[in-house]
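*Asks:*
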Amino acid sequence: MREKKKLEIMHTALKLFAKKGFFNTTIADIAKEMGMSVGNMYNYFPSKESLAKELLLYTARIFGDEIKKINEMDISTKEKIKKIVELYFKKAKEEPELVDYFMRVYLSNKEIFSNGCEGMLCVSPFVTEIMIFFEEGVRKKELKNQDFFAAFGLFMGYIGGLAFLNRENILGKSLDEYIEPVSENIYNALKA
Amino acid sequence: MRSKPKLLWIDAVSCNGCSHSFFNIDLSFLDDFELLYHPLLPSGDFKIQSSDILIVEGAIKSNFLRLGFDLNELISKLFFKAKTVIALGTCAVYGGIFGEGLVFNKTSKGKFFKCKDKVINIPGCPAHPEWLFYVLNMLKENKKIVLDELNRPVEIFSYTSHMGCTRNEYFEWKVDAKRFGEKEGCLFYYFGCQGPFTHSSCNKILWNEVNSKPRAGTPCFGCTEPLFPKENLFQTETFMGIPANIPLGVSKRAYLTLSGIAKSLTNERLTKRLIKCENEDKQKDN
Amino acid sequence: MKINKKIINKIEGEATLKIYGDKVIEFAEIEFWQYRGIEKYLQNRHYMDALVINPRVCGICGHSHLLATAKVIENAFGIKVSKKAEILREITTGLEIIQNHIKWFYVTLYPTLIQDKSLILKSLSITSFIAKIIAVIAGQFPHNSYIIPGGVTCDLTNLDILRVKEDLKKLQEKIDKIIDKNGDSNDLKRLFEKMDKNIGKGLNRFLVLGDNLYFKPTGDLTFVKEEKTKSLSKNALYKDEFFEVGPLARNLHHPLIKSVYENYQDSVYTRIFARLYEMHLILEKILNEIDKIDMCEPSFIDYTPRNSEGKIAIEAPRGSLIHSIEISDEKIKEYNIIVPTQFNLSNSTKEKPSPAQAALIKEDIKWSDFIFKCFDVCAVCNTH
């Protein structure tokens with residue numbers, strides 16, 4: 296029951312963060328949207344920072360679990376790239392707040408997360424799966440052996456950028472139509 | 023009184039390093055054995071004869087002469103006339119640099135694979151003298167030596183050389199050595215240390231009773247393993263920055279999660295030099 | 022003429038000696054049949070791998086091969102090392118020479134005339150003590166790889182240095198009992214009770230190429246050439262001539278050794294005496310050096326590899342050891358090793374014999390084993 300409520304609060308927060316921005320959203324705003332008292336809210340999350348942190352863990356776990364499934368599929372690295380792009384674009388469409396949160400709040404406000412979310416602590420499930428994806432690609436000689444972050448930045452920066460453009464309504468076509476060419480470009484850039 | 027076990031020590035294709043390694047312990051216990059032949063120690067003249075324990079030091083190889091015999095034929099004859107055979111050192115166990123091992127040829131089956139039941143493998147380049155001391159005395163006393171699937175004594179090879187390394191704390195907290203010649207840092211990530219996946223007790227039963235390679239700042243080269251010596255021994259093989267070989271017994275996912283977390287939580291104490299020279303800063307300024 | 026073919030074992034590896042003559046040796050041929058192919062094995066590997074593979078040339082003098090490997094790479098890349106690293110290298114390689122000489126004297130040479138097991142056990146207890154001192158610095162002995170291009174891998178504390186120094190002093194006492202500073206040695210006397218000190222004279226031509234420890238080169242290593250023989254080892258010549266390398270060659274300047282040489286020339290006795298007495302000279306040198314260690318100096322200095330060639334010589338237990346390398350894209354293209362045994366135990370003709378052949382010729386056949394072994398043969402090195 297409690298976990299379910301926490302999830303609801305998190306989703307509500309995500310929506311408000313996306314609408315009003317992280318800094319402009321207060322616990323009171325979230326409580327009001329939930330129809331809860333502020334005092335009750337604090338029973339679930341003692342501060343906005345702790346809510347932000349749990350949201351991050353939650354997001355990383357969702358992505359981590361999904362990529363793990365892809366990692367365990369018996370398919371080529373090229374196909375895996377497409378699956379990951381597909382997954383990301385699907386999330387960007389269905390839960391744009393989630394992707395937004397990750398891009399706008401986590402990556403651009405690292406100082407909020409300096410206490411308890413240092414380094415990769417809170418995004419570990421996601422990063423670990425991406426590492427495994429890359430490592431296996433190189434091991435199978437399908438990807439070029441290079442610095443992890445050089446590859447990671449290329450992959451994530453690229454699809455994150457497209458999700459951002461989509462959110463800003465700048466893309467001429469639907470995100471789905473970019474799955475194919477984007478996957479192709481990533482593969483060509485990273486292949487052995 | 024039981025008669026002394028007859029011990030025959032033959033050198034195949036080797037550097038004699040296992041013999042010289044063996045010389046580093048008190049050899050008076052050899053009085054309990056009848057030494058039929060040894061390539062360096064005084065013994066009777068060499069002849070093909072039965073033995074209770076045959077020690078083969080070195081690899082086997084075709085077209086190689088030893089004591090006037092073709093090496094492979096010589097080893098075969100001695101092998102079948104021996105009750106127990108000790109393959110001593112990585113050359114005799116897996117082939118090493120110089121040829122093929124008795125029971126194994128690197129990771130595949132060797133010439134004597136079918137007779138592996140009478141072979142005890144003591145890999146190592148060289149083999150640690152106390153490992154041999156243990157095996158010889160257990161045999162002499164008729165005690166059972168439990169062997170693993172590669173015929174190695176479990177009491178020695180169930181350890182990894184990582185166990186007991188003085189740099190373990192650096193491994194735990196993922197503080198990697200960035201350069202050679204410093205007592206700080208773990209050699210696993212940059213310098214090819216194979217300690218976490220090498221079967222041996224080098225950091226438990228120390229070398230010459232005092233030290234080990236990693237303690238002296240040299241990476242473990244996995245010299246007790248079938249593929250010794252691998253290529254690029256001073257560099258860690260990585261795939262996209264992730265070590266190609268990870269500690270024995272752990273999944274890659276678990277290892278990456280743990281090391282990512284350890285790396286994120288900096289251990290301040292371990293990021294500094296343990297002992298600072300008084301004039302170190304001055305030197306750096308100059 | 023009778024030809025007596027015998028296998029010489031109980032040396033490092035084995036050699037075949039073909040002796041021409043019945044009682045007196047008219048001529049002798051020296052053959053080595055155990056080729057192992059290390060130089061080929063090194064090709065296309067990363068140059069650092071040579072630091073692990075080359076010590077495996079030899080179980081008794083592998084540490085000298087390690088030093089030579091690091092030095093030849095340093096020579097190729099133009100690398101300098103710290104004084105601290107240099108002193109540590111001198112200590113461990115010097116100690117290797119001493120353990121080699123003790124084993125050679127008591128385990129190899131002595132039993133050819135006198136069987137005394139207690140002497141062997143006693144000598145091995147000293148050599149294992151030496152191995153322990155080396156291990157404090159180098160991690161283990163035999164077969165460490167702590168000497169690397171740019172320095173050493175270890176980072177010692179003052180406690181380690183104190184321990185090494187104390188042990189070196191203890192070692193000095195142990196060596197005093199083998200041969201004292203005046204050159205008196207009961208064990209050496211006992212060995213020569215039944216033997217003429219004048220036998221086994223070689224070519225009386227000496228060569229020193231290495232400059233480690235206190236040794237001074239007398240020649241230029243570019244004049245060294247290898248030549249194929251009937252067996253699997255190669256001859257080593259300097260300016261197309263054979264020369265004797267080793268402890269006698271590199272210590273002739275020492276007054277005590279010089280006086281023995283003046284009495285017995287380059288006979289078995291002088292050769293053995295020089296080798297035993299050298300232990301003191303090396304120990305003195307490293308005891309003197311150890312106090313000069315500046316703990317604040319770096320153990321290792323970084324460098325940039327480049328495509329290049331290198332060739333160096335060091336003085337190893339048995340004499341001058343030459344390593345040469347060609348490195349391209351950090352990989353070994355060519356590697357060549359010339360070991361002291363190739364100089365001293367070359368196999369040539371009666372007209373132009375090698376030092377060991379010359380020493381055997383005209384001597385009683387019963388001394389052949391002893392004369393042969395007094396050169397401290399390393400067949401495993403020879404057949405690298």
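Note that the protein sequences, when read in sequence, are chains R, S and Z.
The opening residue of the first sequence carries number 296 in our numbering; numbering runs sequentially from there.
The opening residue of the second sequence carries number 23 in our numbering; numbering runs sequentially from there.
The opening residue of the third sequence carries number 22 in our numbering; numbering runs sequentially from there.
From the three backbone atoms N, C-alpha and C, an ideal C-beta is built for every residue, glycine too.
Quick caveat, the model's predicted, so the values are computed rather than measured.
1) Whole-angstrom Cβ separation of Ala355 (chain R) and Cys417 (chain R), contact assumed at under 8 Å?
2) Which partner residues of Asn143 (chain S) appear in the DSSP bridge assignment?
3) Could you give the DSSP three-state label for Ser332 (chain R): helix, strand or coil?
4) Using a Cβ cut-off of 8 Å (strictly closer), state whether Ser371 (chain R) contacts chain S.
5) Using a beta-carbon distance below 8 Å, is Pro163 (chain Z) in contact with chain S?
6) Just to confirm before moving on: does the CB-CB distance between Ser478 (chain R) and Val380 (chain R) stay below 8 Å?
7) Between the alpha carbons of Ala34 (chain S) and His164 (chain Z), how many angstroms are there, rounded?
8) Tell me, please, which residues DSSP counts as bridged to Ser345 (chain Z).
9) Against chain R, does Thr293 (chain S) count as a neighbour if the rule is that its beta carbon must be under 8 Å from one of theirs?
10) On a Cα-Cα basis, can you pick out the residue from S:Phe86, S:Lys274, S:Leu158 that is closest to Trp54 (chain Z)?
11) Nearest-angstrom Cα distance between Met23 (chain S) and Leu255 (chain S)?
12) What residues from the segment 239-272 of chain S come within 8 Å of chain R, judged by C-beta to C-beta, listed N to C?
13) Which residue comes first and which comes last in the beta strand (DSSP E) that contains Val245 (chain Z)?
14) For Ser130 (chain S), which three-state DSSP category applies?
15) Assess contact between the segment 194-213 of chain S and the segment 235-249 of chain S, defined as three or more Cβ pairs (one per stretch) separated by less than 8 Å. Is contact present?
16) Between Z:Ile94, Z:Phe364, Z:Ile346, Z:Ile40, which lies nearest to Glu248 (chain Z) when the distance is taken from Cα to Cα?
17) Give me, in chain order, the residues of the same chain whose beta-carbon lies closer than 6 Å to that of Asp307 (chain S); leave out the 5 immediate sequence neighbours on both sides.
18) Nearest to Leu57 (chain S) by alpha carbon, out of S:Ile283, S:Pro27, S:Ser286, S:Arg189?
19) Which same chain residues, not among the five before or five after Gly455 (chain R), have their C-beta less than 7 Å away from its C-beta?
20) Closer than 8 Å, CB to CB, is Val433 (chain R) near chain S or not?
21) Can you check whether the C-beta of Gly217 (chain S) is within less than 8 Å of a C-beta belonging to chain Z?
22) Give me the Cα-Cα distance between His306 (chain R) and Ser183 (chain S), rounded to the nearest whole angstrom.
23) Excluding the 5 residues flanking Pro145 (chain S) on each side, which residues of the same chain have their C-beta closer than 6 Å to its C-beta?
24) With a 10 Å radius around its C-beta and 16 neighbouring C-beta atoms as the bar for buried, classify Ser130 (chain S) as buried or exposed.
25) Identify every run of the alpha helix (DSSP H) within the segment 167-209 of chain Z, keeping only runs that are complete inside it and at least 4 residues long; order them along the chain.
26) Give a yes or no on whether the minimum CB-CB distance between Phe86 (chain S) and chain Z is below 8 Å.
27) How would you list, in chain order, the residues of chain S whose beta-carbon sits under 7 Å from the beta-carbon of Arg57 (chain Z)?
28) Would you call the segment 291-309 of chain Z and the segment 267-278 of chain Z touching, i.e. three or more CB-CB distances under 8 Å?
29) Using the three-state DSSP reduction, which class does Tyr298 (chain Z) fall into: helix, strand or coil?
30) Within 8 Å (strictly less), CB to CB, does Ser286 (chain S) reach chain R?
31) Can you give the Cα-Cα distance for Lys104 (chain Z) and Asp315 (chain Z), rounded to whole angstroms?
32) Is there a C-beta anywhere in chain R that falls below 8 Å from the one on Ile47 (chain S)?
33) Suppose contacts are defined by Cβ-Cβ distances below 8 Å. Is Leu302 (chain R) in contact with Glu328 (chain R) by that definition?
34) Which residue wins for smallest C-alpha separation from Lys26 (chain Z), given the options Z:Arg110, Z:Lys371, Z:Glu33, Z:Ala49?
*Replies:* In terms of the structure at hand:
1) Numbered from its first residue, the first sequence carries residue 355 (chain R) at position 60. Numbered from its first residue, the first sequence carries residue 417 (chain R) at position 122. Sure, about 6 Å apart at Cβ, within 8 Å.
2) Taking the first residue of the second sequence as position 1, residue 143 (chain S) is located at position 121. In the DSSP output, where bridge partners are listed per residue, Asn143 (chain S) has S:Ala109.
3) For the purposes of this step, residue 332 (chain R) is identified with residue 37 of the first sequence, where counting begins at 1. Looking at Ser332 (chain R) - three-state DSSP - the assignment turns out to be coil, as it is neither helix nor strand.
4) Position 76 of the first sequence, counted from the start, is the residue given in the question as residue 371 (chain R). False, the Cβ-Cβ gap to chain S never drops below 8 Å.
5) Looking up residue 163 (chain Z) in the third sequence gives position 142. Closer than 8 Å to some Cβ of chain S, the Cβ of Pro163 (chain Z) qualifies, so yes.
6) As a first step, residue 478 (chain R) must be located in the first sequence, where it is residue number 183. As a first step, residue 380 (chain R) must be located in the first sequence, where it is residue number 85. A contact, by the Cβ cut-off of 8 Å.
7) The residue you call residue 34 (chain S) lines up with position 12 of the second sequence. The residue you call residue 164 (chain Z) lines up with position 143 of the third sequence. If I take the Cα positions, the gap works out to 18 Å.
8) Within the third sequence, numbered from 1, the residue matching residue 345 (chain Z) stands at position 324. DSSP lists Z:Lys332, Z:Asn357 as partners of Ser345 (chain Z).
9) Translated into positions along the second sequence, residue 293 (chain S) becomes position 271. By this cut-off, Thr293 (chain S) is not an interface position.
10) The sequence position of residue 54 (chain Z) within the third sequence is 33, counting from 1. Looking at the Cα atoms, S:Phe86 is the closest of the given residues.
11) Mapped onto the second sequence, residue 23 (chain S) falls at position 1. Mapped onto the second sequence, residue 255 (chain S) falls at position 233. With a pLDDT of only 45 at Met23 (chain S), under the threshold of 50, the placement of this residue in the model should not be trusted; the figure read from the coordinates follows. So the alpha carbons of these two residues sit roughly 51 Å apart.
12) Thr260, Phe261, Met262, Gly263, Ile264, Ala266
13) Here residue 245 (chain Z) refers to the residue found at position 224 when the third sequence is read from its first residue. Note, Val245 (chain Z): beta strand (DSSP E), 245-249.
14) As a working note, residue 130 (chain S) is residue 108 in the second sequence. Strand, per DSSP.
15) yes
16) By 1-based counting over the third sequence, the position of residue 248 (chain Z) is 227. With distances taken between Cα atoms, Glu248 (chain Z) lies closest to Z:Phe364.
17) Within the second sequence, residue 307 (chain S) is the residue found at index 285, counting from 1. Low local confidence applies: a pLDDT of 44 at Asp307 (chain S) is under 50, so the model's placement there is unreliable, with the coordinate-based value given in what follows. Around Asp307 (chain S): no qualifying Cβ.
18) Against the second sequence, residue 57 (chain S) aligns to sequence position 35. Out of S:Ile283, S:Pro27, S:Ser286, S:Arg189, S:Pro27 has the C-alpha closest to the C-alpha of Leu57 (chain S).
19) Your numbering for residue 455 (chain R) matches position 160 in the first sequence. Cβ within range, chain order: Met398.
20) Locating residue 433 (chain R) in the first sequence gives position 138, where the first residue counts as 1. Yes, Val433 (chain R) counts as interfacial toward chain S.
21) Within the second sequence, residue 217 (chain S) is the residue found at index 195, counting from 1. For Gly217 (chain S), the answer is no, since every Cβ of chain Z falls outside 8 Å of its Cβ.
22) Your numbering for residue 306 (chain R) matches position 11 in the first sequence. Your numbering for residue 183 (chain S) matches position 161 in the second sequence. Their Cα atoms are separated by approximately 50 Å.
23) Taking the first residue of the second sequence as 1, we reach residue 145 (chain S) at position 123. Taken in chain order, the residues that qualify are Thr112, Val115, Thr246.
24) Here the question's residue 130 (chain S) lines up with position 108 in the second sequence. Looking at its Cβ environment, which holds fewer than 16 other Cβ atoms inside 10 Å, Ser130 (chain S) is exposed.
25) 179-199
26) Position 64 of the second sequence, counted from the first residue, corresponds to residue 86 (chain S). So yes, Phe86 (chain S) belongs to the interface.
27) Along the third sequence, one-based indexing puts residue 57 (chain Z) at 36. By Cβ distance, chain S contributes Val35, Phe120.
28) yes
29) Numbered from its first residue, the third sequence carries residue 298 (chain Z) at position 277. Tyr298 (chain Z) falls in the helix class under three-state DSSP.
30) As a first step, residue 286 (chain S) must be located in the second sequence, where it is residue number 264. Yes - at least one Cβ of chain R is within 8 Å of the one on Ser286 (chain S).
31) One-based indexing of the third sequence puts residue 104 (chain Z) at position 83. One-based indexing of the third sequence puts residue 315 (chain Z) at position 294. Spanning the two alpha carbons is a distance of roughly 8 Å.
32) Residue numbering aside, residue 47 (chain S) sits at position 25 when the second sequence is read from its first letter. Not closer than 8 Å to any Cβ of chain R, the Cβ of Ile47 (chain S) fails to qualify, so no.
33) Taking the first residue of the first sequence as 1, we reach residue 302 (chain R) at position 7. Taking the first residue of the first sequence as 1, we reach residue 328 (chain R) at position 33. Their beta carbons are not under 8 Å apart, which means Leu302 (chain R) does not touch Glu328 (chain R) by this criterion.
34) Taking the first residue of the third sequence as position 1, residue 26 (chain Z) is located at position 5. Minimum Cα distance to Lys26 (chain Z) is reached at Z:Ala49.
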